[in-house]
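Encoded as structure tokens, the structure appears first; notes follow it.
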């Protein structure tokens, strides 16, 4: 998938998910290795991209 | 009552039609299309329109995916999956265009791969294209990185043809008993040289990129007049030919939709003010709600939303943002975090569409 941006979301002080923007749409991705969007983000990171810290 | 046997009869063993109670391919009749019925301008890979069928045109021009009512006559199908070329192109290098079906690994136990009892299997489908010639159906065991491929021929342009392709079982290459990808079926529509330059691999072996696709593979993308349709996809355990393949196993809509919901669920308002989640206002600016899924999903899903919403707590509260908390999600439901104005802490409320029949919350646990 084409990833525009990825940013951690925080819940109770810890990273709980990733807010992903792709093709103009926002997705809330769980930190789950079985989730295909999470897998795509890991490939994106391996290409040298960075997940932004949570606000 | 007449009894028709399909398969083989040898010694005292009668092999009846099937070794699985339900079709291994979900939505093989292309009846479920939760994401919509048509998407144009596609240049990359994703699930679009038809449930369970993934497409990737790998930057080879652009295509439109749609659910079509063009079907083979007299077979009982009402819909097919259509890929139409919008912008023509010639693939080079690693570029390739394909339609995929990704099976869930644990569903393939009847194949008994990685044992001496590994079963052969057969893939059957109806296909139609404006572009005649040789096409590749390639299969990858994703976990074991092993593959096998075959070609099929579209003999007549713009004519529905039934294809039946049998594959050997793999005595090596285990398929795990888990929720990961099992076999990926690739209906190849175009390919650059990187996947066609080797020796076409028609028996199970370690995946080699150059051996995956036939060098005779046509380029569907060479004209904007080209299109490709498919329906009636079935995967049968056992070796069958055009005469012995069991009939397509139709499922009622509720069953098929429920099976698709394990991988993708879209809750659509349908009416202008439908309720999509129940919950409470945790502060004057936040509503927390619960969205239930109709069946257990394959994995923790990705959540998203679209359309116009409002929160109703006796009065209507305007909504400026809809988000989903990562720590509060399960295989069965998700928490919806909504930014509102004018809420009352602790007050029960509902998230509903705001005069929008297409507002939605969706959960995606696709392979």
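Chains as they are written, first to last, in the numbering used here: chain E, 1 to 55; chain A, 56 to 422.
Every residue, glycine too, gets a C-beta built ideally from N, C-alpha and C.
Contacts around residue i, its chain only, beta-carbon distance under 8 angstroms, and the 5 residues preceding and following it disregarded
i: residue 385 of chain A; result: 355
i: residue 326 of chain A; result: 408 and 412
i: residue 287 of chain A; result: 83, 84, 127, 130, 132, 179, 180, 181, 217 and 303
i: residue 229 of chain A; result: 168, 169, 198 and 199
i: residue 51 of chain E; result: 6, 7, 8, 18, 41 and 45
i: residue 57 of chain A; result: In this prediction, residue 57 of chain A scores a pLDDT of 49, lower than 50, which makes its location untrustworthy; the coordinate-derived value is nonetheless stated afterwards. Within the same chain, residue 57 of chain A has no close Cβ partners at all.
i: residue 270 of chain A; result: 251, 252 and 255
i: residue 400 of chain A; result: 336, 337, 338 and 339
i: residue 188 of chain A; result: 208, 209, 271 and 273
Cut-off 7 angstroms between Cβ atoms - residues of its own chain near residue i, not counting five sequence neighbours on either side
i: residue 1 of chain E; result: 22 and 40
i: residue 262 of chain A; result: 195, 200, 201 and 202
i: residue 329 of chain A; result: 407 and 408
i: residue 10 of chain E; result: 16 and 54
i: residue 191 of chain A; result: 204, 206, 243, 268, 269 and 272
i: residue 294 of chain A; result: 175, 177 and 221
i: residue 193 of chain A; result: 202, 204, 241, 243, 267 and 268
i: residue 365 of chain A; result: 371, 372, 373, 374, 407 and 409
i: residue 135 of chain A; result: 85, 123, 125, 126, 284, 285 and 286
i: residue 264 of chain A; result: 249 and 250
i: residue 258 of chain A; result: 203 and 223
First and last residue of the uninterrupted alpha helix (DSSP H) at residue i
i: residue 314 of chain A; result: 308-316
First and last residue of the uninterrupted beta strand (DSSP E) at residue i
i: residue 41 of chain E; result: From DSSP, residue 41 of chain E is part of no beta strand (DSSP E) but of the alpha helix (DSSP H) over 36-46.
i: residue 290 of chain A; result: 282-292
i: residue 322 of chain A; result: 319-323
i: residue 151 of chain A; result: 151-159
i: residue 419 of chain A; result: 415-419
i: residue 30 of chain E; result: 25-30
i: residue 91 of chain A; result: Residue 91 of chain A -> no beta strand (DSSP E), and no H or E assigned at all.
i: residue 366 of chain A; result: 364-367
i: residue 371 of chain A; result: 371-379
i: residue 195 of chain A; result: 188-196
i: residue 122 of chain A; result: 117-123
i: residue 131 of chain A; result: Residue 131 of chain A -> no beta strand (DSSP E), and no H or E assigned at all.
i: residue 352 of chain A; result: Unbroken run through residue 352 of chain A: none, as it is neither H nor E.
i: residue 395 of chain A; result: 388-395
i: residue 7 of chain E; result: 5-11
i: residue 100 of chain A; result: 100-102
Cβ shell of residue i (< 6 angstroms), same chain only, five flanking positions each side left out
i: residue 69 of chain A; result: For residue 69 of chain A, the pLDDT reaches just 42, beneath the cut-off of 50, and the residue's location in the model is therefore unreliable, although a value from the coordinates is still provided. Correct list: empty, nothing qualifies.
i: residue 64 of chain A; result: Model confidence at residue 64 of chain A stands at a pLDDT of 49, short of 50, so the residue's coordinates are unreliable; what they give is reported in the following sentence. Closer than 6 angstroms at Cβ, skipping near neighbours: no residue.
i: residue 110 of chain A; result: 120 and 154
i: residue 3 of chain E; result: 22 and 44
i: residue 321 of chain A; result: 89, 415 and 417
i: residue 74 of chain A; result: 165 and 292
i: residue 279 of chain A; result: 140 and 143
i: residue 102 of chain A; result: 109 and 421
i: residue 100 of chain A; result: 111
Proximity to residue i [Cα-Cα], best of the options
i: residue 299 of chain A; options: A/221, A/284 and A/318; result: A/221
i: residue 15 of chain E; options: E/4, E/5, E/25 and E/29; result: E/29
i: residue 368 of chain A; options: A/391, A/405, A/341 and A/281; result: A/405
i: residue 331 of chain A; options: A/204, A/227, A/343 and A/338; result: A/343
i: residue 76 of chain A; options: A/324, A/352, A/97 and A/165; result: A/165
i: residue 234 of chain A; options: E/32, E/49 and E/13; result: E/32
i: residue 422 of chain A; options: A/160, A/98 and A/123; result: A/160
i: residue 25 of chain E; options: A/420, A/225, A/362 and A/224; result: A/362
i: residue 98 of chain A; options: A/276, A/91 and A/213; result: A/276
i: residue 352 of chain A; options: A/382, A/319, A/323 and A/383; result: A/319
i: residue 211 of chain A; options: A/183, A/225, A/341 and A/224; result: A/183
i: residue 380 of chain A; options: A/345, A/219, A/402 and A/80; result: A/345
Which residues, taken in chain order from the stretch 17-50 of chain E, show a beta carbon closer than 7 angstroms to some beta carbon of chain A?
-> 17, 25, 26, 27, 28, 29, 30, 31, 32, 34, 35, 36 and 37
Which residues, in order along the stretch 226-243 of chain A, keep a beta-carbon less than 8 angstroms from a beta-carbon of chain E?
-> 234 and 235
Taking a cut of 8 angstroms between CB atoms, which residues from the stretch 261-278 of chain A lie near chain E?
-> none
Flag this pair as touching only if the stretch 234-254 of chain A and the stretch 136-151 of chain A have three or more C-beta atom pairs under 8 angstroms; answer yes or no.
-> yes
Touching or not, the stretch 395-403 of chain A and the stretch 366-385 of chain A, by the rule of three or more beta carbon pairs under 8 angstroms?
-> yes
Would you call the stretch 310-329 of chain A and the stretch 104-112 of chain A touching, i.e. three or more CB-CB distances under 8 angstroms?
-> yes
Near-chain E residues of the stretch 366-395 of chain A - C-beta to any C-beta below 8 angstroms = 378, 379, 380, 381, 382, 383 and 384
Pairing CB atoms from the stretch 112-123 of chain A with CB atoms from the stretch 136-145 of chain A, are three or more of them under 8 angstroms?
-> yes
Chain E contacts from the stretch 73-107 of chain A (Cβ-Cβ distance under 8 angstroms) = 99, 100 and 101
Given 8 angstroms, three or more beta-carbon pairs between the stretch 155-162 of chain A and the stretch 237-246 of chain A | yes
Compile a chain-ordered list of the residues in the stretch 319-352 of chain A whose CB is closer than 7 angstroms to at least one CB of chain E.
-> none
Quick one: which residues of the stretch 1-13 of chain E get their C-beta closer than 8 angstroms to a C-beta of chain A? List them in chain order.
-> 1, 2, 9, 11 and 12
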